[in-house]
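Worksheet for the structure shown next.
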Amino acid sequence: MAQRLRLRDAGPDDLGLVLRFIRALADYERLAHEVRADEATLARFLFGEPRRAEALIAEWDGEPVGFAVWYYGFSTFLGRPSLYVEDVFVEPALRGKGIGRAIFAHLAARALAQGCGRMEWSVLDWNEPSIAFYRGIGAKPRPGWTLQQLTGEALSALAARQG
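What follows is the structure, given as structure tokens:
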């Protein structure tokens with residue numbers, strides 16, 4: 542039997558598809574009101590120079606069914622880069638077929654190929670199915686750490702204080 546799953550790097554022709562998956566993920570996470578992305582912005586940061594993030598498309602029997610977006614950071618403690626998984630989404634009807642596991646395995650291999658010392662991501666504390674999935678692939682929470690953010694007005698206000 543032919544392999545049903547194909548993972549491929551997203552290209553500029555996939556911008557509408559990436560945006561569709563972003564919106565589907567935001568709906569699932571109950572955060573649709575936070576989506577500000579558009580195709581022009583995605584094109585600039587996924588395919589412009591300098592490239593700020595990368596994306597892949599998961600296809601099942603030739604049909605797009607999911608995506609991932611990631612970028613590289615740097616761990617000063619490890620002295621090595623790290624791969625940060627910003628988003629992974631698989632269409633609900635196709636979950637349980639190994640697509641998510643294949644995406645994470647693919648990203649883990651990319652991380653190692655790039656010399657990364659770790660791979661990280663965030664998960665909503667109420668998302669028990671995803672947390673269970675992450676435990677199943679060997680991921681563990683980072684004890685004692687919580688994610689902090691500056692966005693919108695707070696980000697602008699802090700930036701205005703420089704100088």
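So for the sequence shown, the working numbering puts the first residue at 542; every next one is plus one. We put the beta carbon where it would ideally sit given N, CA and C, even for glycine. Predicted model only: the values in this text are computed from it and were never measured.
| Asked | Found |
| --- | --- |
| For the alpha helix (DSSP H) that Ser623 lies in, which residues bound it at each end? | Careful: Ser623 lies outside any alpha helix (DSSP H), inside the beta strand (DSSP E) at 621–631. |
| Using DSSP with H/G/I as helix, E/B as strand and the rest coil, what is Phe608? | strand |
| If distances are taken between C-alpha atoms only, which option among Ala652, Asp628, Cys657 comes closest to Phe618? | Cys657 |
| Ordered along the chain, which non-local residues of its own chain (more than five positions away) have a Cβ less than 7 Å from that of Gly557? | Glu580 |
| Return the chain-ordered list of same chain residues with a C-beta closer than 6 Å to the C-beta of Arg659, the five sequence neighbours on each side being excluded. | Ser623 |
| On the DSSP bridge list, what partners appear for Trp601? | Leu546, Glu604 |
| In chain order, what residues of the same chain lie with their CB nearer than 8 Å to the CB of Tyr613, ignoring the 5 residues before and after it? | Pro622, Ser623, Leu624, Tyr625, Gln655, Cys657 |
| Between which two residues does the beta strand (DSSP E) carrying Glu661 extend? | 659–662 |
| Please determine if the region 564–583 and the region 630–641 are in contact, where contact requires at least 3 C-beta pairs separated by less than 8 Å. | yes |
| If distances are taken between C-alpha atoms only, which option among Ala643, Leu699, Pro684, Tyr675 comes closest to Gln690? | Leu699 |
| Could you tell me if Leu587 is buried or exposed, where buried requires 16 or more neighbouring beta carbons within 10 angstroms of its beta carbon? | buried |
| Whole alpha helix (DSSP H) runs in the region 562–603 with 4 or more residues, listed along the chain? | 580–588 |
| Rounded C-beta distance between Phe645 and Phe608? I'm assuming under 8 Å. | Actually they do not touch by this definition, with Cβ atoms about 13 Å apart. |
| The ligand SAH and Arg636: does any heavy atom of the ligand fall closer than 8 Å to the residue's C-beta? | This structure lacks the ligand SAH; in fact it carries no ligand of any kind. |
| Are the beta-carbon atoms belonging to Gly549 and Gly603 less than 9 Å from one another? | It is worth fixing the name first, because residue 549 is Arg in this sequence and not Gly. Contact flag unset, no. |
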